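Colleague: In my numbering, the protein residues as written are 5 to 229.
The beta-carbon is built from N, C-alpha and C at its ideal position, and this holds for glycine as well.
Since we're looking at a predicted model, the values are computed, not measured.
1) Measure the alpha-carbon distance for residue 113 versus residue 97 and round it to whole angstroms.
2) Throw me the rounded Cβ distance for the residue 39 and residue 92 pair, which I believe falls under 8 Å.
3) Please name the residue in 165, 178, 190 whose C-alpha comes closest to that of residue 184.
4) When burial is assigned at 16 or more other CB atoms within 10 Å of the CB, is residue 121 buried or exposed?
5) For chain D, find out if any of its Cβ atoms is closer than 8 Å to the Cβ of residue 62; answer yes or no.
6) Tell me which residues share the same chain as residue 158 and place their Cβ nearer than 6 Å to its Cβ, disregarding the 5 neighbours each side in the sequence.
7) Using the Cα positions of residue 42 and residue 175, report the straight-line distance between them to the nearest angstrom.
8) Report yes if the CB atom of residue 128 is closer than 8 Å to the CB atom of residue 75, and no otherwise.
9) What is the DSSP secondary structure of residue 135, reduced to helix, strand or coil?
10) Indicate whether residue 133 and residue 100 have their beta-carbon atoms separated by less than 8 Å.
11) I'd like to know whether the C-beta atoms of residue 70 and residue 44 end up nearer to each other than 8 Å.
12) Please state whether DSSP places residue 62 in a helix, a strand or coil.
13) Cα-Cα, which of 141, 61, 83 is closest to residue 47?
14) Taking DSSP's pairing of strands, which residues face residue 81 in a bridge?
15) Quick check on residue 197: buried or exposed, where buried means 16 or more other Cβ atoms within 10 Å of its Cβ?
16) Short of 6 Å in beta carbon distance, which residues of its chain neighbour residue 194, apart from the five on each side in sequence? Order them along the chain.
17) Which of helix, strand or coil does DSSP assign to residue 195?
18) For residue 153, which beta-bridge partners are listed by DSSP?
19) With residue 53 as the anchor, note down where its alpha helix (DSSP H) starts and where it stops.
20) According to DSSP, is residue 169 helix, strand or coil?
Following this line, the structure appears as structure tokens:
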């Protein structure tokens, strides 16, 4: 009886651990649409390294997801931190353009702006020549509840906004959303109110469930012997 009671207690604790783990893992969304983060772990030392500004492409980012005359937004994860990447237009083939972006966040920090002279607290006025891109990087975001809100205005040669989601967190799993209006408000969120996240790989719950089931099965066998 003592053994069965012990096993039952351990199994209960494991199940509760799974529930707590799932409850603490956030759900990444943009305007209510689920989005998966790009996993940079093991490949890059920082978000700035992946942004790759003014390196291979002068005065432009080089994430590989830039699109002509389009605002492209996506999330990456590195060392349990999230970064929101924004690129505007594309190196070599994009048009000359301009765009004002007002932003606010319940958490986080603006880590990088292509041209710091364009930035002011809570807003950025992007201007760029033909064959150049512009952009930003917003970070210091963790797996807690947060919102990052963007409002665009005064666009010149901007067709719209696209989000990129990464199936399984892989570069090869990149999927672009349909083009959305530049006039819409965009809210990027991490919801930790009980939803599970596809933004970060989570393997621990499955392991805990299997261990819990094994203990229960062992208890039943011992009781029948």
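Modeller: With the structure as the only source:
1) Whole-angstrom Cα-Cα distance: 31 Å.
2) Residue 39 to residue 92, Cβ: 19 Å. No contact.
3) A check of alpha carbon separations from residue 184 across 165, 178, 190 identifies 165 as the nearest.
4) Label assigned to residue 121: exposed.
5) Absent from the structure is chain D; it holds one protein chain and no more.
6) For residue 158, same chain residues with a beta-carbon under 6 Å away, outside a window of 5 residues either side, are 104 in chain order.
7) As the crow flies, the alpha-carbon of residue 42 is around 7 Å from that of residue 175.
8) Taking a C-beta distance under 8 Å as the contact criterion, residue 128 and residue 75 do not qualify as a contact pair.
9) The DSSP-derived three-state label of residue 135 is coil.
10) In this structure, residue 133 places its C-beta atom within 8 Å of the C-beta atom of residue 100.
11) No.
12) Three-state result, residue 62: coil.
13) Nearest option by C-alpha distance: 83.
14) Residue pairing by DSSP places residue 81 opposite 43, 86 in a beta bridge.
15) Looking at its Cβ environment, which holds fewer than 16 other Cβ atoms inside 10 Å, residue 197 is exposed.
16) Only residues of its own chain outside the window of five on either side were considered, and among them 30, 32, 150 have a CB closer than 6 Å to the CB of residue 194, listed in chain order.
17) Here residue 195 sits in strand by DSSP.
18) DSSP lists 108, 191 as partners of residue 153.
19) It spans 51-55 - the alpha helix (DSSP H) in which residue 53 sits, taken as one unbroken run.
20) It is a strand residue.
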